[in-house]
Amino acid sequence: MDDIGVADRSLIWNSDLIETLEFDNLIVQAIATVEGQMPVKKSRGGHAREDFPERDDEEWMKHTLAYVDAKGKATIGYRGCTITP
């Protein structure tokens, strides 16, 4: 991503700048999504895996927390879910 740049230097209606910033954000979100799901050995909703087709609520009923640093390195953590009837 170091080779991405914006040629248009104007600050008014600079769609190139906006699209570049949006692209950067989407890449960070993609890293967080993929890295956050890789350790999860189950399927649920939009995170369906062919190698783990069944749900595993006993092990994976928790929130996945993903932090991506400036270099694109993801740190993954978890937080428990509170289930109320």
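Taking my numbering, I'd label the letters of the sequence shown as residues 1 to 85. For each residue, glycine too, the CB sits at the ideal point set by N, CA and C.
Cβ shell of residue i (< 6 Å), same chain only, five flanking positions each side left out
i   : result
V28 : V68
Host beta strand (DSSP E) of residue i (start-end)
i   : result
G80 : A74 to G80
Residue i - DSSP class collapsed to helix/strand/coil
i   : result
V6  : coil
Y20 : Note on residue identity: the sequence assigns Thr, not Tyr, to residue 20. Here T20 sits in helix by DSSP.
V40 : coil
Pick from the options that is closest to residue i, judged by C-alpha positions
i   : options             : result
L65 : Q37, D24 and D51    : Q37
E35 : K71, H47 and I76    : I76
E58 : V6, V40, T33 and R9 : V40
Residue i - containing alpha helix (DSSP H), residue span
i   : result
W60 : D57 to W60
Own chain, CB closer than 7 Å to residue i, minus 5 neighbours either side, in chain order
i  : result
I4 : T20
Whole-Å CB distance - residue i paired with residue j, under 8 Å assumed
i   : j   : result
K42 : F52 : 5 Å
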